[in-house]
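Beneath this line is the structure, given in structure tokens, with notes to follow.
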Amino acid sequence: LAIATKRRYTEPSNIKVNIDKKTGDYESFRYWEVVSLEDFEDPGLHLLLEEAKKKDKTADIGTRIQEKIKNVEFGRIAAQAAKQVIVQKVREAERAKIVDQYRPVLGQLINGTVKKVSREFLIIDLGDGEAILPRTEMIPGEVYRIGDRLRGVL
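My numbering puts the sequence shown at residues 13 to 166.
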């Protein structure tokens, strides 16, 4: 949602979107960092102290000023882009979960079943994950078939 909202602005901008998980409603905010004249680089990202005081009387250098902006109405393409980002984040979370699950058993003996055999590697089903066994790590002359049970050190 934040990425789709950023596309509305020509200059770089900081956008934050808060989503109500119960209702699915969301609010969009644009924010700037308050800086001095020497540190001012980009009007889309920075706000001078004088300008910030007009929006918020308590503003000081180093604080963030935020303002509510209009929510973006999503067309088909924007919805598809949002879906891709969500799917990517879910996959990354699944990968991280699997890595965290198998990290404690590194160097230990595990069981698996051959799922796929190819010339270069085997794919072994570990139950809740898969492992790849390259040809260079296989026992020479050993023949593997789909369904064979294997034990190996992770």
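Glycine residues also receive a C-beta, built at the ideal position from the N, C-alpha and C atoms. Model, not experiment: these values are computed from the prediction.
Using DSSP bridges, identify the partner residues of residue i.
{"i": "Asn-30", "result": "Glu-39"}
{"i": "Val-165", "result": "Leu-121"}
How long is the line joining the alpha carbons of residue i and residue j, rounded to whole angstroms?
{"i": "Leu-162", "j": "Val-126", "result": "7 Å"}
{"i": "Thr-35", "j": "Lys-28", "result": "18 Å"}
{"i": "Gly-139", "j": "Ile-122", "result": "11 Å"}
{"i": "Ile-135", "j": "Ile-158", "result": "9 Å"}
{"i": "Ser-48", "j": "Gln-100", "result": "38 Å"}
{"i": "Arg-147", "j": "Gln-92", "result": "40 Å"}
{"i": "Lys-66", "j": "Leu-13", "result": "28 Å"}
{"i": "Asn-83", "j": "Gln-96", "result": "20 Å"}
{"i": "Val-102", "j": "Glu-62", "result": "43 Å"}
{"i": "Ile-110", "j": "Leu-166", "result": "13 Å"}
{"i": "Glu-53", "j": "Ala-90", "result": "30 Å"}
In the DSSP assignment, the beta strand (DSSP E) including residue i goes from what residue to what residue?
{"i": "Ile-7", "result": "The displayed coordinates of the chain run from 13 to 166. Any statement about residue 7 would go beyond what the structure contains."}
{"i": "Ile-136", "result": "133-137"}
{"i": "Ile-144", "result": "142-146"}
Under DSSP, the alpha helix (DSSP H) around residue i begins and ends at which residues?
{"i": "Ile-15", "result": "14-18"}
Quick check: is any heavy atom of the ligand GTP less than 7 Å from the C-beta of residue i?
{"i": "Asp-160", "result": "For the ligand GTP, the structure offers nothing, since it holds no ligand at all."}
Exercise. Please list the segments of the alpha helix (DSSP H) lying wholly inside the stretch 42-96, counting only runs of 4 or more residues, in order along the chain.
Key: 61-67
Quiz item: Does the stretch 113-121 touch the stretch 76-92, meaning 3 or more C-beta pairs lie closer than 8 Å?
Solution: no
Quiz item: Are three or more beta carbon pairs between the stretch 41-56 and the stretch 19-28 nearer than 8 Å?
Solution: yes
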